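Trainee: Heads up, the sequence shown is in my numbering, so the first residue is 9 and it goes up one at a time. My questions all concern the structure below.
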Amino acid sequence: MSDMRSQLTVKLIEALTLKGGEAILDLATGTGRVARPLSKQMQSGRIVGVDEALAMLDVGHHHKDPIERYELSAGEADKLPFKSGLFDRAFVSFSLHHFGNPAGVVGEVQRVLKPGGRFVVLDPVIEESKDAVDVALEAKINQVFRRTHGEGFRFHTVSSIERLLTKAGYRVPRKSVISYPFNQEGMDGIPTGRHWLEAALELEKEAPELAERMKKNYFTWHAHGEHAHVKGSFSYALITGVKPA
Numbered sequence: 009m010s011d012m013r014s015q016l017t018v019k020l021i022e023a024l025t026l027k028g029g030e031a032i033l034d035l036a037t038g039t040g041r042v043a044r045p046l047s048k049q050m051q052s053g054r055i056v057g058v059d060e061a062l063a064m065l066d067v068g069h070h071h072k073d074p075i076e077r078y079e080l081s082a083g084e085a086d087k088l089p090f091k092s093g094l095f096d097r098a099f100v101s102f103s104l105h106h107f108g109n110p111a112g113v114v115g116e117v118q119r120v121l122k123p124g125g126r127f128v129v130l131d132p133v134i135e136e137s138k139d140a141v142d143v144a145l146e147a148k149i150n151q152v153f154r155r156t157h158g159e160g161f162r163f164h165t166v167s168s169i170e171r172l173l174t175k176a177g178y179r180v181p182r183k184s185v186i187s188y189p190f191n192q193e194g195m196d197g198i199p200t201g202r203h204w205l206e207a208a209l210e211l212e213k214e215a216p217e218l219a220e221r222m223k224k225n226y227f228t229w230h231a232h233g234e235h236a237h238v239k240g241s242f243s244y245a246l247i248t249g250v251k252p253a
């Protein structure tokens, strides 16, 4: 999975369907990880990165190799500091699950998009719940992650992201799911892998039925000493919403 993020970034940029001169909103921009390769696809236009984490923005301001056509702005994702109809494109990468008010976020993005503008969401997704065991497993996974990431954290499914977009008024012409398999010793290199393994080991002790469903839906693990061998896959959704013209 070592080049997973770079592969997904390429797919995200393709989904933006750029002509080269667009005004693009990079929501929860962080340190500009996506903005850098994106800027190389543009002949003109600009990328505006927004983040409420001032420490991230400070890093972005001090790149030794500045990102071309890239501006930074502090702001909350559900209260964007921009006029309506300002951007041709918008995207959020690996951050939707951190937003405590995702409906407010997608609504604000639609407000600042021009008619016909595109909003691309790239985010890790969990399995659709098929029964009460899946529902309980989802609750346990989110509970473990919230210890580190706060009460607003929530993993989405493909259908829940699509519902967020359609309820806000977007048309959803494109969606895809990309899965990345792994079979290795420990969770190094797997995004948020440490928390996934933490949830798995707790379930093994507290709720064997949920542990078995975890193995079926996501990954198996074999603990030995302080280490564990893990095998399975995690999935990522790439979903495009289009604001009505």
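From the three backbone atoms N, C-alpha and C, an ideal C-beta is built for every residue, glycine too. Given the structure is predicted, the values throughout are model-derived calculations rather than measurements.
Write down the C-beta distance between H164 and D131 rounded to the nearest angstrom, noting that I regard them as a contact closer than 8 angstroms.
Mentor: Yes, H164 and D131 are in contact; Cβ-Cβ is about 6 angstroms, under 8 angstroms.
Trainee: Using 8 angstroms for Cβ pairs, my map puts D96 next to G125. What's the rounded Cβ distance?
Mentor: The Cβ separation is near 5 angstroms, so the contact holds.
Trainee: Does the distance from the CB of T17 to the CB of V42 come in under 8 angstroms?
Mentor: Cβ distance < 8 angstroms, so T17 and V42 count as in contact.
Trainee: Are there 16 or more other CB atoms within 10 angstroms of the CB of T248, so buried, or fewer, so exposed?
Mentor: Its Cβ being crowded by 16 or more others within 10 Å, T248 is buried.
Trainee: What is the rounded straight-line gap between the Cα of A31 and the Cα of R77?
Mentor: Approximately 10 angstroms, taken between the alpha carbons.
Trainee: Rounded to whole angstroms, what's the CA-CA distance from M50 to A23? Just pull it up for me.
Mentor: Cα to Cα, the separation comes out at about 14 angstroms.
Trainee: Just the Cα atoms here: how many angstroms apart are F242 and V133?
Mentor: Going from the Cα of F242 to the Cα of V133 covers about 8 angstroms.
Trainee: Should the stretch 84-93 be regarded as contacting the stretch 101-116, the criterion being three or more beta carbon pairs within less than 8 angstroms?
Mentor: These segments touch.
Trainee: Anyone know if the C-beta pair for G93 and G53 falls short of 8 angstroms?
Mentor: Contact flag unset, no.
Trainee: Roughly how far, in whole angstroms, is the beta-carbon of L205 from the beta-carbon of A236, given that I think they are within contact range, below 8 angstroms?
Mentor: Confirmed, about 6 angstroms.
Trainee: With the cut-off set at 8 angstroms, would you say Y244 and I169 are in Cβ contact?
Mentor: No, the Cβ-Cβ distance between Y244 and I169 is not below 8 angstroms.
Trainee: Please state whether the Cβ-Cβ distance between P295 and K251 is less than 8 angstroms.
Mentor: For the chain, the structure presents residues 9 to 253; residue 295 sits outside this window and is missing.
Trainee: Work out the CA separation of E210 and F137 for me, nearest whole Å.
Mentor: The displayed chain sequence assigns Ser, not Phe, to residue 137. Each residue's alpha carbon lies about 20 angstroms from the other.
Trainee: Give me the residue from A219, L26, T228 with the minimum Cα distance to Q192.
Mentor: The residue with the shortest Cα to Cα distance from Q192 is T228.
Trainee: Is F161 helix, strand or coil by DSSP?
Mentor: DSSP places F161 in coil when its eight states are reduced to three.
Trainee: Exposed or buried, what is A208 when buried is set at 16 or more other beta-carbons lying within 10 Å of its beta-carbon?
Mentor: Per the 10 Å Cβ criterion, buried.
Trainee: Measuring alpha carbon to alpha carbon, tell me which residue in T37, V152, V166 is nearest G4.
Mentor: Residue numbering for the chain in the displayed model covers 9 to 253; residue 4 lies beyond these limits and cannot be assessed.
Trainee: Any idea if K48 is buried or exposed, counting beta-carbon neighbours within 10 angstroms, 16 or more meaning buried?
Mentor: Per the 10 Å Cβ criterion, exposed.
Trainee: Have a look at Y226, V238, F190, V143 and flag the residue whose alpha-carbon is nearest the alpha-carbon of M12.
Mentor: Minimum Cα distance to M12 is reached at F190.
Trainee: Kindly indicate which three-state DSSP category I149 falls into: helix, strand or coil?
Mentor: Three-state DSSP puts I149 in a helix.
Trainee: Is it buried or exposed, V128, if we count other Cβ atoms within 10 angstroms and call 16 or more buried?
Mentor: The residue in question, V128, is buried, as its Cβ has 16 or more Cβ neighbours within 10 Å.
Trainee: Under a three-way DSSP split, which group does D142 fall into?
Mentor: If DSSP states are grouped into helix, strand and coil, D142 belongs with the helices.
Trainee: Please tell me whether F99 and L173 are closer than 8 angstroms, where the distance is taken between their beta carbons.
Mentor: It is not a contact, given that the beta carbons lie outside the stated cut-off.
Trainee: Determine which residues share a DSSP beta bridge with V250 and list them.
Mentor: According to DSSP, which records beta bridges pairwise, V250 is partnered with R126, R179.
Trainee: For the alpha helix (DSSP H) that contains T17, what are its first and last residues?
Mentor: Start and end: 12-23.
Trainee: Please report how far the alpha carbon of Y178 lies from the alpha carbon of E234, in whole angstroms.
Mentor: Their Cα atoms are separated by approximately 47 angstroms.
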